[in-house]
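Numbering (the working numbering), first residue to last: 551 to 614.
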């Protein structure tokens, strides 16, 4: 299987390598980013004081 020089030139001009480097930069940025994770059953998430735990459903807005 011979390599066509025209295809290689087109790939170089289209910026394939630049796009690949940008994608790898995004991947590496997210790889080393510190995420905060809650271990749910053991730790509870702090809720704001305005949270009441009530579902706000108005019957007049229902279609059924």
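Using N, Cα and C, we set each Cβ at its ideal position, and we do this for glycine too.
CA-to-CA distance, residue 583 to residue 560, given in whole angstroms: Counting from 1 along the chain shown, the entry for residue 560 is found at position 10. Counting from 1 along the chain shown, the entry for residue 583 is found at position 33. Linking residue 560 to residue 583 through their CA atoms gives a straight-line distance of about 36 angstroms.
Residue range of the alpha helix (DSSP H) that includes residue 580: Here residue 580 corresponds to residue number 30 of the chain shown, with the count starting at 1. Where residue 580 is concerned, the enclosing alpha helix (DSSP H) stretches over 566-581.
Per-residue DSSP class, three states only, for residue 558: On the chain shown, position 8 is the one that residue 558 refers to. Per DSSP, reduced to three states, the secondary structure at residue 558 is helical.
Distance between beta carbons of residue 595 and residue 588, contact taken as under 8 angstroms: To locate residue 588, count along the chain shown from 1; it is residue 38. To locate residue 595, count along the chain shown from 1; it is residue 45. Right, their Cβ atoms sit about 6 angstroms apart.
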